[in-house]
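**Student:** Protein chains in written order, with the working numbering: chain A, 1 to 148; chain B, 1001 to 1148.
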């Protein structure tokens, strides 16, 4: 650590391109009306994958839970503090201690169950992401104790 | 689903810019020698944040576990199937059913404990990400049952 702030400074603002690998199709269309978390009344949704990544999803099966990473493209990226859950009675909190969608990199992290597979589409749930949200990655759940 | 492949097609290749918010400082420097998962002998590491996001991390504390999202900038992005754990004896598997760093969007997902805080740096562990890996997001762990 000591004497290395220059390292951090030199890395600052490195930028990378994240590409949509698919899209959420959901009855949720309104961000304001969407549940805050998957287990707060969220519906099931389809993940419609780009045919170009079909090889990548070929070993997914109905039954297990998976981790879905989305890009919350309607979020604000210039926000570093929020009132948790959008409630002004909650004290302003640094976004990295919250699950606010508004944050420098609006990545959504969702643990969902795979309910059905049709071609290159997966039905999953419950999912709080709204219709049209880009999907950027899928990961298997490891053990409960260490799943991020 | 039916009749909507055009939607998926039109979304294909949407691209977004993910920005580094900090950097991993770790004794691990060699990807090939790095543990496959955090709990497989990984060391502790420092997350050195960009001073520009200091407001965002102000409510993180030593003690709890957090979820760290990294951008595995040395991974290959043109890979859709892998032999899990790099072992040719394991059958070729679609990357989205694995935790391979090589994948279309090389996002790393790490559940770690916060061990110490110094200024805008966090000591965390165990972490399998190698030295210099960009950090792109931090999220709190919710309940064990639903943490993605």
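Cβ atoms here follow ideal geometry from the backbone N, Cα and C, with glycine treated the same way.
Starting from residue 1113 of chain B, find everything on chain A with Cβ-Cβ shorter than 7 Å and list it in chain order.
**Tutor:** Residue mapping note: residue 1113 of chain B aligns to position 113 of the second chain, counting from 1. What residue 1113 of chain B touches in chain A: nothing, since even the nearest Cβ is about 11 Å away.
**Student:** Are the C-beta atoms of residue 129 of chain A and some chain B residue less than 8 Å apart?
**Tutor:** Translated into the one-based positions of the first chain, residue 129 of chain A becomes position 129. No, its Cβ sits nowhere closer than 8 Å to a Cβ of chain B.
**Student:** Any idea what DSSP makes of residue 52 of chain A, helix, strand or coil?
**Tutor:** Stepping through the first chain from its first residue, residue 52 of chain A is reached at position 52. If DSSP states are grouped into helix, strand and coil, residue 52 of chain A belongs with the helices.
**Student:** Since residue 121 of chain A is in the beta strand (DSSP E), which residue starts that stretch and which ends it?
**Tutor:** For this step, residue 121 of chain A is matched to residue 121 along the first chain. Element bounds for residue 121 of chain A: 121-125.
**Student:** Using a cut-off of 8 Å between C-beta atoms, extract the partners of residue 1056 of chain B located in chain A.
**Tutor:** Numbered from 1 along the second chain, position 56 holds the residue referred to as residue 1056 of chain B. Under the 8 Å cutoff, chain A gives 80, 81, 94, 95, 96, 103 and 104.
**Student:** At what residues does the beta strand (DSSP E) containing residue 1134 of chain B begin and finish?
**Tutor:** Mapped onto the second chain, residue 1134 of chain B falls at position 134. It spans 1134-1140 - the beta strand (DSSP E) in which residue 1134 of chain B sits, taken as one unbroken run.
**Student:** Name the residues in the stretch 60-72 of chain A whose C-beta lies less than 7 Å from a C-beta of chain B; which are they?
**Tutor:** Those would be 60, 67, 69 and 71, in chain order.
**Student:** Looking only at DSSP bridge pairs, what is residue 45 of chain A linked to?
**Tutor:** To locate residue 45 of chain A, count along the first chain from 1; it is residue 45. Residue 45 of chain A pairs with A/124.
**Student:** Is it true that the CB of residue 134 of chain A sits closer than 8 Å to the CB of residue 46 of chain A?
**Tutor:** Counting from 1 along the first chain, the entry for residue 46 of chain A is found at position 46. Counting from 1 along the first chain, the entry for residue 134 of chain A is found at position 134. Not in contact: residue 46 of chain A and residue 134 of chain A (Cβ atoms no closer than 8 Å).
**Student:** Can you tell me whether residue 1015 of chain B is helix, strand or coil according to DSSP?
**Tutor:** Numbered from its first residue, the second chain carries residue 1015 of chain B at position 15. In this structure, residue 1015 of chain B counts as strand in the three-state DSSP scheme.
**Student:** Taking Cβ-Cβ distances shorter than 9 Å, what residues in chain B pair up with residue 14 of chain A?
**Tutor:** Position 14 of the first chain, counted from the first residue, corresponds to residue 14 of chain A. Simply 1019, 1020, 1023, 1071, 1073 and 1134.
**Student:** Any beta carbon of chain A sitting closer than 8 Å to that of residue 1053 of chain B?
**Tutor:** In the second chain, residue 1053 of chain B corresponds to position 53, counting from 1. Closer than 8 Å to some Cβ of chain A, the Cβ of residue 1053 of chain B qualifies, so yes.
**Student:** Which two residues bound the contiguous beta strand (DSSP E) that contains residue 1067 of chain B?
**Tutor:** Reading the second chain from its first residue, position 67 is the one you call residue 1067 of chain B. Counting along the chain, the beta strand (DSSP E) containing residue 1067 of chain B begins and ends at 1065-1071.
**Student:** By how many angstroms is the C-alpha of residue 1060 of chain B removed from the C-alpha of residue 96 of chain A?
**Tutor:** Sequence index remark: in the first chain, residue 96 of chain A carries index 96 (1-based). Sequence index remark: in the second chain, residue 1060 of chain B carries index 60 (1-based). Approximately 7 Å between the Cα atoms of the pair.
**Student:** Along the beta strand (DSSP E) that carries residue 83 of chain A, what are the first and last residues, could you check?
**Tutor:** One-based indexing of the first chain puts residue 83 of chain A at position 83. Neither: residue 83 of chain A is in no beta strand (DSSP E) and is coded neither H nor E.
**Student:** Closest Cβ-Cβ distance between residue 1137 of chain B and chain A: below 8 Å?
**Tutor:** For the purposes of this step, residue 1137 of chain B is taken as residue 137 along the second chain, with counting starting at 1. Yes, residue 1137 of chain B lies at the interface with chain A (some Cβ there is under 8 Å from its Cβ).
**Student:** If we cut at 8 Å on Cβ distances, does residue 1028 of chain B have a partner in chain A?
**Tutor:** As a working mapping, residue 1028 of chain B is identified with position 28 in the second chain. No, no contact with chain A.
**Student:** Residues bridged to residue 130 of chain A by DSSP?
**Tutor:** Taking the first chain and counting its residues from 1, the one referred to as residue 130 of chain A is at position 130. In DSSP, residue 130 of chain A forms no bridge with anything.
**Student:** Three-state secondary structure (DSSP) at residue 1145 of chain B?
**Tutor:** The count along the second chain starts at 1 and reaches residue 1145 of chain B at position 145. For residue 1145 of chain B, the pLDDT reaches just 44, beneath the cut-off of 50, and the residue's location in the model is therefore unreliable, leaving the point undetermined.
**Student:** Could you check whether residue 104 of chain A and residue 1074 of chain B sit closer than 8 Å to each other, using their CB atoms as the reference points?
**Tutor:** Start at 1 with the first residue of the second chain, and residue 1074 of chain B comes out as number 74. Start at 1 with the first residue of the first chain, and residue 104 of chain A comes out as number 104. Cβ distance not < 8 Å, so residue 1074 of chain B and residue 104 of chain A don't count as in contact.
**Student:** Short of 7 Å in beta carbon distance, which residues of its chain neighbour residue 1062 of chain B, apart from the five on each side in sequence? Order them along the chain.
**Tutor:** Numbered from its first residue, the second chain carries residue 1062 of chain B at position 62. Closer than 7 Å at the Cβ level, and outside the excluded window around residue 1062 of chain B, lie 1114, 1115, 1116 and 1117.
**Student:** Using the C-alpha atoms, what's the distance from residue 1119 of chain B back to residue 44 of chain A?
**Tutor:** Taking the first chain and counting its residues from 1, one reaches residue 44 of chain A at position 44. Taking the second chain and counting its residues from 1, one reaches residue 1119 of chain B at position 119. About 42 Å.
**Student:** Along the chain, where does the beta strand (DSSP E) containing residue 23 of chain A start, and where does it finish?
**Tutor:** Position 23 of the first chain holds residue 23 of chain A. Note, residue 23 of chain A: beta strand (DSSP E), 22-25.
**Student:** Output the distance between the C-alpha atoms of residue 1058 of chain B and residue 1092 of chain B, rounded to the nearest integer angstrom.
**Tutor:** For the purposes of this step, residue 1058 of chain B is taken as the residue at position 58 of the second chain. For the purposes of this step, residue 1092 of chain B is taken as the residue at position 92 of the second chain. Cα to Cα, residue 1058 of chain B sits roughly 43 Å from residue 1092 of chain B.
**Student:** Between the C-alpha atoms of residue 35 of chain A and residue 128 of chain A, what's the straight-line distance to the nearest angstrom?
**Tutor:** As a first step, residue 35 of chain A is located in the first chain; it is residue number 35 there, counting from the start. As a first step, residue 128 of chain A is located in the first chain; it is residue number 128 there, counting from the start. Cα-Cα distance, rounded: 6 Å.
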